[in-house]
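Under the working numbering, the first residue of the sequence shown is numbered 559, with each subsequent residue one higher.
Accompanying notes for the structure given below.
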Amino acid sequence: MSSANRFDGKVVIVTGSSAGIGRASILRFGKEGASVVVHGQSKEKLESVKQDLLKAGVPESRILVIAGSLEDESVHDRLIDETIKKFGRLDILINNAAIPGKPGIDSNSMEGYDAIMNINVRVVYRLCQLATPHLEKTKGSIVNITSDLSERPMPRTMPYSISKAALNHLTRNFARLLAEKGIRVNAVGAGLTETDFITRMGMPKEVIDHIMTDVIKTIPLQRASNADEQAEMIVNIASPTNTYMIHL
Numbered sequence: 559m560s561s562a563n564r565f566d567g568k569v570v571i572v573t574g575s576s577a578g579i580g581r582a583s584i585l586r587f588g589k590e591g592a593s594v595v596v597h598g599q600s601k602e603k604l605e606s607v608k609q610d611l612l613k614a615g616v617p618e619s620r621i622l623v624i625a626g627s628l629e630d631e632s633v634h635d636r637l638i639d640e641t642i643k644k645f646g647r648l649d650i651l652i653n654n655a656a657i658p659g660k661p662g663i664d665s666n667s668m669e670g671y672d673a674i675m676n677i678n679v680r681v682v683y684r685l686c687q688l689a690t691p692h693l694e695k696t697k698g699s700i701v702n703i704t705s706d707l708s709e710r711p712m713p714r715t716m717p718y719s720i721s722k723a724a725l726n727h728l729t730r731n732f733a734r735l736l737a738e739k740g741i742r743v744n745a746v747g748a749g750l751t752e753t754d755f756i757t758r759m760g761m762p763k764e765v766i767d768h769i770m771t772d773v774i775k776t777i778p779l780q781r782a783s784n785a786d787e788q789a790e791m792i793v794n795i796a797s798p799t800n801t802y803m804i805h806l
């Protein structure tokens, strides 16, 4: 099986795939033969991703777009139900969507904590549960996108670091639980990546620049990654040719 067609006949959901790492990932999956489910909240960004997929040669019959906030459980249900209705199967779930906080809310407040933990942990838990019966049929794969911040404190937005630490252990538990069903579960700990995600934390530009400079000094390659580099790792881990890797 060549890398060009390793996802032929496979169906992939990527949450938060209208921008950043999610967008780069969904484009790679589509180019390599998968039917793709694109998710996000901005209809403009979703349409842009769809047009990029079409330009890359992915036919409209292999594209499903789901718009909506993951704060709404009915969106979780639609992601799974409409995928099965259109494509008849599910092979890969990429839990990429996450929030660093909510505009106008102190991330370290209880309101901020609840909002972050809901999207970054609870939603992932529920989507894994909803997807499991379908992934069992296809001996599929789940990849959760976590962060190196799970291992370091982040005083300006403590719940984000906490949520990613929780997501790591969530992944370990689902990996152990679902291995007997033939479902692989892994996590990709995305390091510092050049996307607009960090700007959504609402920090002043000078603070962001300072953080970028300080963190880059700790990276052996002395630079941040880009979304395509993270997508390459995600796609390779999710690949049906990768038959033995689970996160424990």
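Cβ atoms here follow ideal geometry from the backbone N, Cα and C, with glycine treated the same way.
Own chain, CB closer than 6 Å to residue i, minus 5 neighbours either side, in chain order
i      : result
SER600 : SER576
ARG581 : SER575, VAL607
ALA796 : ILE650, SER699, VAL701
ALA592 : PHE565, LYS568, VAL570
ARG586 : ALA789, VAL793
LEU611 : GLY588, ILE621
Close Cβ partners of residue i (< 7 Å) along its chain, the five nearest in sequence each way excluded
i      : result
LYS644 : LEU622
PRO711 : SER719
ASP672 : none
Contact check, residue i vs residue j, beta carbons under 8 Å
i      : j      : result
LYS660 : GLY670 : yes
ILE571 : ILE674 : no
ILE810 : ILE677 : The requested residue 810 is not part of the displayed model; the chain covers only 559 to 806.
ASN666 : THR715 : yes
LEU685 : HIS634 : yes
ALA785 : GLY578 : yes
ILE624 : LEU688 : no
THR573 : LEU648 : no
Candidates the options, of which the one nearest residue i by Cα
i      : options                        : result
GLY740 : ALA625, GLU694, VAL569         : GLU694
VAL682 : ALA724, LEU612, PRO658, MET668 : ALA724
ILE720 : ARG730, SER705, PHE732         : SER705
SER619 : SER632, ILE638, VAL594         : VAL594
ASP630 : GLU787, ARG680, GLU709, MET668 : ARG680
GLY626 : LEU604, GLN609, ILE642         : LEU604
Residues sharing a beta bridge with residue i, DSSP
i      : result
GLY747 : THR704
ARG742 : SER699
Cutoff 8 Å; reference residue i; Cβ partners in own chain excluding five residues on either side
i      : result
SER561 : Low per-residue confidence applies at SER561: pLDDT is 49, beneath 50, and the placement is therefore not dependable, though the value from the model is reported in the following sentence. Answer for SER561: GLU590, listed in chain order.
MET791 : VAL746
HIS727 : none
GLN609 : none
SER632 : GLY626
Legend entry - Every unbroken alpha helix (DSSP H) inside the region 572 to 621 [4 residues or more]: 578 to 589, 601 to 613
Inset, instruction - Tell me the start and end of each unbroken alpha helix (DSSP H) in the region 675 to 735 that is at least 4 residues and wholly inside, in chain order. - result: 681 to 696
Legend entry - Completely contained beta strand (DSSP E) runs for the region 642 to 681, where each covers 3 or more residues: 650 to 653
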